[in-house]
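J.: Residue numbers (the numbering used here): 364 to 765. I am attaching a structure below and will ask some questions about it afterwards.
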Amino acid sequence: METALKLVQTPSQPPPSLEGYRVLARKYRPTKLSQIIGQDFLVDTLRRGIEGGRLGHAFILTGIRGTGKTTTARIIARSLNCEKGPTPEPCGTCSSCTAIGLDRSMDVIEIDAASRTSVDDIREIIEASRYKAVSAHYKIYIIDEVHMLSKSAFNALLKTLEEPPAHVKFIFATTEIHKVPATILSRCVRFDLKRIESSTLTTYFKTLCDQESVDSEPEALALIAKAAEGSVRDGLSLLDQAMTYGTSRITAEQVRQMLGFSDQGSLLELFQIIMEGNILIAFEKLRTFYKEGADPQRMLEDLLDLAHWLQCLKISPNLAQDITLPTEKRQKGLELATSLSIPTLTRVWQMLLKGLEEVRRSPSPQKALEVVMIRLTHMAPLPSLNELLEGLPESIPVKKKF
Ligand SMILES: [Zn+2]
């Protein structure tokens, strides 16, 4: 039934058009605490603080880019200044909520410390903070990238943080908390925004696809979540790209092409050829890679990643269940990992690492890569010292095995 309905609905959907298209990050930006994903501890603490009226006067939000620092800062501002609040679930419709949403509130002042680092900028803020909020409960200063402030600016700010007027709240955001002076940190309530788990992101992207009536393969969304490395913003912009690809269904194949994972199969093949010690075929393979525009340094980095993954796979074969990886890679990887010993894989890893340095330093990276390949094809199939010692007859005394 459901499939039939979908088939009827799809053709009537408007064709994807960029006109009037709002990027997902803007369209689905959370406006209340309950909409924040992957930051349960922060949400719980803030909710209890706001409900109990026990929020401090200064907060500092820290975390990698794209985890929602500025978004959270704006939600705190809304929660505090909503006409029906302070409440963790701001109404979104009162004049204060609307003004904050449109970035027009007189009482919520957003400053980018990257462009306003001087002591005069901070003095201006301090001077203005003496006057009460125009129409809302609090006068709220959101200072983004606060670590960029100059030393004298921090000192000026410190005085206000020590004895803040009751109607003022400060919300700082930073990606580099270690650059914020301890004197400032000790006067703020600190919240660490975590990288968002891949599985949480995948579920979130599925909800968005459903809301946008876009069909998607679970593997495709898992791939995007993995590439986002814990950042919602990065993930959403990748999802945007995938959605504007032009088709009504986001497939894993498409996402792999978009992210440049398409040559993983050939890379595994090259690895296997090296391990078999066949330099002629390895060179042939290299030439194909060059023709496709591969960069020698990038290739070695990819081979290093592969050597690392194979070692992990050897230790824990369960990794082959990871659905974010192409089925072919998982099958072939498992076969390779089974056939190779840990000492061999470690040796290959060391040689690749050394090779990477040489390629980086070499005036001709392509030649350097070829020399690395020759060395690898000669060394890789040889038994390790330990394997050699194990093969020795008992009569020969062996003092120590490595
Ligand atoms: Zn409101």
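Glycine is no exception: its CB is placed at the ideal position from the N, C-alpha and C atoms.
Kindly confirm or deny that the segment 390 to 405 and the segment 525 to 541 touch, where touching means at least three C-beta pairs closer than 8 Å.
T.: Contact between the segment 390 to 405 and the segment 525 to 541 is absent, because fewer than three Cβ pairs lie under 8 Å.
J.: Report the residue from L443, M511, T450 whose alpha carbon sits nearest the alpha carbon of I474.
T.: Of the candidates L443, M511, T450, the one whose C-alpha sits nearest the C-alpha of I474 is M511.
J.: Let me know the alpha helix (DSSP H) ranges lying completely inside the segment 703 to 730, each 4 residues or longer, listed in chain order.
T.: Complete alpha helix (DSSP H) runs here, min 4: 705 to 724.
J.: At the level of alpha carbons, what is the spacing between A615 and L630?
T.: Computed Cα separation, rounded: 19 Å.
J.: Could you tell me which of R738, T566, G718 sits nearest to I642, measuring between CA atoms?
T.: Measuring from the Cα of I642, the nearest candidate turns out to be R738.
J.: Can you name, in chain order, every residue of its own chain whose Cβ lies under 6 Å from the Cβ of R553, other than the five neighbours on each side?
T.: Excluding positions up to five away in sequence, the list reads I423.
J.: Please classify S442 as buried or exposed, where buried requires at least 16 other C-beta atoms within 10 Å of its C-beta.
T.: Its Cβ being crowded by 16 or more others within 10 Å, S442 is buried.
J.: Between T607, L666, A700, which lies nearest to V735 when the distance is taken from Cα to Cα?
T.: Of the candidates T607, L666, A700, the one whose C-alpha sits nearest the C-alpha of V735 is L666.
J.: Keeping to the same chain, check which residues put their C-beta closer than 7 Å to that of T546; ignore five residues upstream and five downstream.
T.: Here the set comprises L521.
J.: Could you tell me which uninterrupted alpha helix (DSSP H) segments, each at least 4 residues in length, are contained entirely in the segment 588 to 616, listed from first to last along the chain?
T.: Whole alpha helix (DSSP H) segments, 4+ residues: 595 to 606.
J.: What are the boundary residues of the beta strand (DSSP E) that includes I472?
T.: Here the beta strand (DSSP E) through I472 covers 471 to 475.
J.: With distances taken Cα to Cα, identify the nearest neighbour of A462 among C445, E526, L682, I705.
T.: For the residues C445, E526, L682, I705, the minimum Cα distance to A462 belongs to C445.
J.: Would the beta-carbon of L673 fall within 8 Å of that of L703?
T.: Cβ atoms of L673 and L703: closer than 8 Å.
J.: Please give the ranges of any alpha helix (DSSP H) in the segment 518 to 590, keeping only runs that are unbroken, at least 4 residues long and fully inside the region.
T.: Within the segment 518 to 590, the complete alpha helix (DSSP H) runs of at least 4 residues are 545 to 548, 561 to 574, 581 to 590.
J.: Nearest-angstrom Cα distance between I587 and L602?
T.: So the alpha carbons of these two residues sit roughly 7 Å apart.
J.: Cβ of T456 versus every heavy atom of ligand 1: is any distance shorter than 7 Å?
T.: Yes, the Cβ of T456 comes within 7 Å of a heavy atom of ligand 1.
J.: Return the residue from the list D668, L752, E539, E582 that minimises the CA-CA distance to T690.
T.: Selected option, being the one with the closest Cα: E582.
J.: Short of 8 Å in beta carbon distance, which residues of its chain neighbour Q604, apart from the five on each side in sequence? Order them along the chain.
T.: Excluding positions up to five away in sequence, the list reads M621.
J.: Using 10 angstroms around the beta-carbon of Y494, count the other beta-carbons present and answer buried if the total reaches 16, otherwise exposed.
T.: It is exposed - the Cβ of Y494 has fewer than 16 other Cβ atoms within 10 Å.
J.: For I503, which residues in the same chain have their Cβ closer than 6 Å to its Cβ, ignoring the five residues on either side in sequence?
T.: Correct list, in chain order: A440, V471, K532.
J.: Any heavy atom of ligand 1 closer than 7 Å to the beta-carbon of E452?
T.: Because no heavy atom of ligand 1 lies under 7 Å away, the Cβ of E452 does not count as near it: no.
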